[in-house]
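J.:
Protein chains: 4
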Amino acid sequence: MDDLEIDAVAEADVEEPVLIEGLPGVGHVGTLAAEHLVEELDAETTLVRRLYSREFPPQVSVEEGVAELTCAKLHAISPEAGRDMLVLTGDHQAQSNAGHYALTEAFLDVAEEFDVSEIYALGGVPTGELIEEYDVIGAVSDADLREELEELGVEFREDEPAGGIVGVSGLLLGLGGRRGFDAACLMGETSGYLVDPKSARAILELLEDRLDLEVGYDSLDERAEEMEEVIGKIQEMEQQQQSMELPSDDDLRYIG
Amino acid sequence: MDDLEIDAVAEADVEEPVLIEGLPGVGHVGTLAAEHLVEELDAETTLVRRLYSREFPPQVSVEEGVAELTCAKLHAISPEAGRDMLVLTGDHQAQSNAGHYALTEAFLDVAEEFDVSEIYALGGVPTGELIEEYDVIGAVSDADLREELEELGVEFREDEPAGGIVGVSGLLLGLGGRRGFDAACLMGETSGYLVDPKSARAILELLEDRLDLEVGYDSLDERAEEMEEVIGKIQEMEQQQQSMELPSDDDLRYIG
Amino acid sequence: MDDLEIDAVAEADVEEPVLIEGLPGVGHVGTLAAEHLVEELDAETTLVRRLYSREFPPQVSVEEGVAELTCAKLHAISPEAGRDMLVLTGDHQAQSNAGHYALTEAFLDVAEEFDVSEIYALGGVPTGELIEEYDVIGAVSDADLREELEELGVEFREDEPAGGIVGVSGLLLGLGGRRGFDAACLMGETSGYLVDPKSARAILELLEDRLDLEVGYDSLDERAEEMEEVIGKIQEMEQQQQSMELPSDDDLRYIG
Amino acid sequence: MDDLEIDAVAEADVEEPVLIEGLPGVGHVGTLAAEHLVEELDAETTLVRRLYSREFPPQVSVEEGVAELTCAKLHAISPEAGRDMLVLTGDHQAQSNAGHYALTEAFLDVAEEFDVSEIYALGGVPTGELIEEYDVIGAVSDADLREELEELGVEFREDEPAGGIVGVSGLLLGLGGRRGFDAACLMGETSGYLVDPKSARAILELLEDRLDLEVGYDSLDERAEEMEEVIGKIQEMEQQQQSMELPSDDDLRYIG
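Residue numbers (full-length UniProt numbering), protein chains in the order written: chain A, 1 to 256; chain B, 1 to 256; chain C, 1 to 256; chain D, 1 to 256.
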């Protein structure tokens with residue numbers, strides 16, 4: 001295998017699709033959102049590419065005894081209603097600084113191959129506290145995109161996200177913008193302590209509007225309810241301990 | 001030296017051998033098993049290749065004052081009974097993520113050179129507790145292999161190993177599978193705290209069946225008895241301390 | 001994007017400019033000084049080059065919702081009085097050892113393109129205590145430069161800086177010297193605990209003399225006053241605690 | 001600068017010289033020994049090569065204000081009595097695993113250029129306790145060398161050094177041996193806590209015999225006396241504390 005290899009698993013007839021990226025990150029928000037699209041629109045979805053790279057961790061996942069080499073997957077979706085999509089999912093980010101650049105360039109190459117001109121990188125932005133109302137923060141490769149997304153309800157704030165955007169999501173804007181893509185990052189607010197299906201739903205509702213999609217949320221809401229129960233139990237335990245402090249990172253991080 | 005160099009130490013007349021990998025890992029199970037094969041079948045074994053790589057740690061081992069550069073070794077075995085084998089041993093894994101990919105590709109290149117079509121990666125899977133009955137967990141590159149191995153007694157479990165398989169063993173399945181090899185990983189259950197010759201024997205007995213080999217176990221059983229004594233002493237000390245907890249990692253890790 | 005790419009944003013008519021480097025470092029002294037030059041001489045400044053590299057962290061900064069890929073910037077300044085300058089600024093250092101070499105070589109390539117023969121790397125040297133009088137310590141690529149800079153008031157001390165000079169500033173001397181540039185590093189003394197505009201001013205005053213510049217300091221003095229207030233409050237708090245110890249690193253590091 | 005560059009500073013008429021390596025390591029033993037040779041035989045020594053590499057830390061050392069880029073230096077020595085030598089010194093080891101391989105190959109290339117066939121890598125082997133009698137442990141690239149060195153008093157022990165030999169010293173044996181050099185590592189026993197001129201002298205006395213050299217030890221003995229004083233003071237302080245334990249690593253490491 002070369003440093004990076006792309007397997008053409010199948011071809012699909014998508015027309016000027018948008019690229020939607022949901023690799024792992026804060027609260028698994030981007031992953032939950034992207035995988036929900038793939039599952040909900042299963043009948044209209046084709047797995048078209050697998051991307052293997054030495055920048056991914058050197059490992060296989062094992063399901064029912066059968067090993068699968070770590071990769072990123074590109075799913076082509078032609079929904080009955082709305083824009084065609086390429087959805088990028090995977091279990092891992094790159095393992096080195098230069099690797100993020102290399103993978104992002106590869107993703108952009110595939111995007112060009114499929115005539116993509118518009119990119120949505122999905123993720124979470126940690127607030128450090130449990131969320132009541134799920135705002136979605138935006139960042140764009142080009143100032144012109146900002147107004148269109150603001151009209152949909154995406155929030156643009158002066159100094160957020162404070163430390164910039166790191167990893168593939170950030171580079172899709174930075175490198176994508178340099179190549180002439182219209183790229184936006186949609187970041188659902190999330191505590192940062194828990195896998196957050198509600199934050200994922202907040203992003204997807206905006207995408208539905210933007211891309212004229214129709215998406216059901218039953219499975220995502222179910223996971224959200226499961227998480228509510230977890231949170232409820234934790235809060236109960238806390239009250240029993242007569243303490244109103246937030247659960248510590250150690251107790252809560254990525255229970256899901 | 002280039003990034004990776006292969007010295008042809010000798011040639012050997014092996015017929016459609018299987019590749020058996022036993023690089024260092026959990027409980028040294030894979031190493032113990034692979035080295036036991038080489039020692040037991042010494043008379044029918046030829047060291048055929050040494051693989052040097054900048055991915056190995058920059059060091060030499062010293063025995064009786066003579067230095068040997070860190071390498072992996074490939075032994076060709078033509079046993080009186082059973083399938084011919086290529087056995088891969090070494091003191092080190094690669095030291096970087098990309099290095100695991102590079103070394104595995106090199107091992108597969110050599111496997112192709114020797115007409116290998118079947119690969120067994122040997123290792124241990126940590127359970128966190130002392131083992132009574134030594135099960136062997138399997139993972140395969142292709143679902144078809146699963147049934148054949150299940151018949152031999154290899155266990156396939158829904159979610160094991162939980163975190164996938166990391167390093168050369170995992171990549172032999174992932175990269176080997178992509179190249180068309182039939183690859184299986186055989187992982188002996190082991191506490192994870194101790195060098196485990198019994199776990200190694202459990203794997204070898206399955207391999208004996210699979211490859212129609214005849215292997216003696218005297219030396220491995222001796223090491224197992226030595227380990228039993230170590231465990232016995234630890235348990236005695238613990239009882240004296242009137243404590244039934246498992247010995248801590250610090251006390252027990254890789255005593256051997 | 002290749003490992004390193006240079007975007008020619010604009011051209012500028014600078015004559016035998018000196019290169020002034022102010023990448024992040026101790027007390028942000030170099031950054032403050034270089035950015036102050038760019039802001040004060042805004043009307044005579046043109047952004048001429050952006051340098052992108054896989055050695056920079058894989059991230060974008062976001063301002064008002066618009067993302068900018070991490071880069072270093074080269075500003076051409078043709079001031080009314082004094083020497084023409086190329087000023088190098090950026091938010092990040094390279095993220096690996098080899099990266100510092102690669103970036104420095106790229107900066108020197110651009111310097112050659114603009115006919116630079118003289119380089120000033122600006123930075124801070126930590127003293128571990130609050131500074132009363134802001135001395136500037138020098139280091140040069142060639143002994144001949146030393147006397148000229150000593151006459152301006154730059155101090156050269158036998159064993160300072162003790163650990164040598166690390167990163168781009170150091171390599172501009174080391175690699176620049178090998179290529180035949182006259183390179184000097186001007187390091188303002190600074191506590192190391194705080195962003196230090198006064199240390200930046202001390203360097204700039206020496207550069208004014210050296211390059212016959214005229215620079216105003218109002219904005220830098222304002223930041224210095226803000227820092228004074230911060231320091232004052234901390235000292236007050238300390239006195240209230242009846243303690244005369246220096247504030248700890250955790251309390252003070254890079255408040256700005 | 002390329003990844004690795006060699007500046008030919010001067011040429012020298014050395015005849016079949018031996019290569020002596022003394023890069024930094026345990027107790028600075030190798031460095032002290034190699035630099036002592038260069039200083040003692042100053043009149044017969046020529047600096048012939050500087051080796052620069054991106055594998056060295058990205059920094060310059062500064063002496064009297066003048067910067068010098070991190071490098072390794074090769075000194076040619078044609079002593080009045082004894083074998084010609086190439087002595088390799090430097091302030092740093094490589095900063096990555098692969099870097100040790102790359103630098104060692106470069107050193108061997110230069111050795112070949114100068115018709116070297118015999119290599120002595122000098123270093124220290126830590127014992128964890130203050131040394132009374134300074135033995136020198138050996139390791140060789142080829143078993144034939146062992147007897148010759150044993151006759152000189154070099155000790156070869158079954159399992160020492162326990163963890164093998166890491167870094168350039170080890171690879172000079174490993175890679176050097178593969179290229180056909182006769183390479184030996186001479187490791188002076190040393191506590192590991194202190195810079196150890198006595199251990200360096202023990203090695204040099206063996207080299208004197210081996211290469212028919214005549215070396216004075218006044219300056220090395222002076223440093224040894226200084227170290228004795230340091231040790232004496234520490235032991236005094238310890239006795240005052242009515243404690244006979246060894247000084248801790250933190251107190252003593254590399255006082256020199």
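We treat Cβ as the ideally placed atom computed from N, Cα and C, and that holds for glycine.
Do D:GLU40 and D:ALA94 have their C-beta atoms within less than 8 Å of each other?
T.: no
J.: With DSSP run on the structure shown, which of helix, strand or coil describes B:LEU246?
T.: Because the pLDDT at B:LEU246 is just 48, under 50, the model does not fix this residue reliably, and the point stays unresolved.
J.: Output needed in chain order: residues of the region 87-113 of chain D with a Cβ under 7 Å from some Cβ in chain B.
T.: In summary, the residues of the region 87-113 of chain D whose CB is separated from some CB of chain B by less than 7 Å are ASN97, ALA98, HIS100, TYR101, GLU105, in the order they occur in the chain.
J.: On the criterion of 16 or more Cβ atoms from any shown chain inside 10 Å, does C:GLY128 qualify as buried, or is it exposed?
T.: exposed
J.: In whole angstroms, what separates the C-alpha of C:MET1 from that of A:ARG50?
T.: 22 Å
J.: To the nearest angstrom, how far is the alpha carbon of D:GLY27 from that of B:GLY232?
T.: Using only the alpha carbons, I get a separation of about 41 Å.
J.: With DSSP as the reference, label D:GLY256 as helix, strand or coil.
T.: Low confidence applies to D:GLY256: its pLDDT is 40, below 50, so where it sits in the model is not reliable enough to give any reading.
J.: Among residues of its own chain, excluding the 5 on either side of D:SER61, which ones have a beta-carbon nearer than 8 Å to its beta-carbon?
T.: ALA67, GLU68, THR70, ASP91
J.: Just mark A:GLN59 as buried or exposed, buried being the case when its beta carbon has 16 or more other beta carbons within 10 Å.
T.: buried
J.: Taking the alpha-carbon of C:LEU204 as reference, which of C:TYR193, C:ASP221, C:SER191 has the nearest alpha-carbon?
T.: C:ASP221
J.: I want to see whether chain B comes within less than 8 Å of A:LEU69, judged by CB atoms only; does it?
T.: yes
J.: Using a Cβ cut-off of 8 Å, pull out every chain A residue sitting near B:VAL140, in sequence order please.
T.: Under the 8 Å cutoff, chain A gives GLY65, VAL66, ALA67.
J.: Around the C-beta of D:MET237, are 16 or more other C-beta atoms found within 10 angstroms, so that it is buried, or is it exposed?
T.: When all chains shown are included, D:MET237 counts as exposed.
J.: From the DSSP output, which residues share a beta bridge with D:TYR193?
T.: Among the bridge pairs identified by DSSP, D:TYR193 is matched with none.
J.: Run down chain C in chain order and give the residues with a C-beta less than 8 Å from the C-beta of D:MET1.
T.: TYR101, GLU105, LEU175, ARG178
J.: By the 10 Å Cβ neighbour count, where 16 or more other Cβ atoms means buried, how is A:GLY180 classified, buried or exposed?
T.: exposed
J.: Taking just the CA atoms, how far does A:ALA184 sit from A:ARG210?
T.: 12 Å
J.: Taking only beta-carbon atoms, is D:ARG49 less than 8 Å away from chain C?
T.: no
J.: Taking DSSP as the reference, what is the three-state secondary structure of C:ALA121?
T.: strand
J.: List the residues of chain A whose Cβ lies closer than 8 Å to the Cβ of B:PHE156, in chain order.
T.: GLU64, GLY65
J.: If you scan the region 47-123 of chain B from start to end, which runs of the beta strand (DSSP E) of 3 or more residues do you find wholly inside it?
T.: 59-63, 66-69, 72-77, 85-90
J.: What are the start and end residues of the alpha helix (DSSP H) that includes residue 266 of chain D?
T.: This structure does not reach residue 266 of chain D, given that chain D is present from 1 up to 256, and the question cannot be answered.
J.: Should A:ALA121 go down as buried or exposed, given a rule of 16 or more other Cβ atoms within 10 Å for buried?
T.: A:ALA121 is buried by the Cβ-count criterion.
J.: Using the three-state DSSP reduction, which class does D:VAL14 fall into: helix, strand or coil?
T.: coil
J.: Within its chain, find whatever has a CB closer than 8 Å to the CB of A:PRO57; leave out the 5 residues flanking it on each side and keep chain order.
T.: THR70, HIS92, GLN95
J.: If you check the beta carbons only, do D:VAL116 and D:LEU23 fall under 8 Å apart?
T.: no
J.: At a Cβ cut of 8 Å, what residues of the region 188-220 of chain B count as close to chain D, listed as they run along the chain?
T.: none
J.: Could you list the residues in the region 3-37 of chain D with a C-beta less than 7 Å from some C-beta on chain C, going in chain order?
T.: none
J.: On the DSSP letters alone, give me the boundaries of the beta strand (DSSP E) that C:ALA8 sits inside.
T.: 4-8 is the extent of the beta strand (DSSP E) around C:ALA8.
J.: Could you give the uninterrupted runs of the alpha helix (DSSP H) lying entirely in the region 135-171 of chain C, keeping only those of 4 residues or more?
T.: 143-152
J.: At the level of alpha carbons, what is the spacing between C:LEU145 and C:GLY138?
T.: 10 Å
J.: Does any CB atom of chain D fall closer than 8 Å to the CB of B:VAL60?
T.: yes
J.: Leaving out five residues on either side along the sequence, give the residues of the same chain with a beta carbon under 7 Å from the beta carbon of A:ARG253.
T.: Legend: pLDDT at A:ARG253 = 43, less than 50; position of this residue unreliable, value from coordinates given subsequently. So the list reads TYR193, once near-sequence residues are dropped.
J.: Flag C:ARG54 as yes if its beta-carbon sits less than 8 Å from any beta-carbon of chain A, otherwise no.
T.: Under the Cβ criterion of 8 Å, C:ARG54 is counted among the residues facing chain A.
J.: How far does the alpha helix (DSSP H) with C:MET227 in it extend, from its first residue to its last?
T.: In the DSSP annotation of this structure, the continuous segment of the alpha helix (DSSP H) that includes C:MET227 starts and ends at 218-240.
J.: With DSSP as the reference, please indicate the residues paired to D:MET1 in a beta bridge.
T.: None; D:MET1 has no bridge partner.
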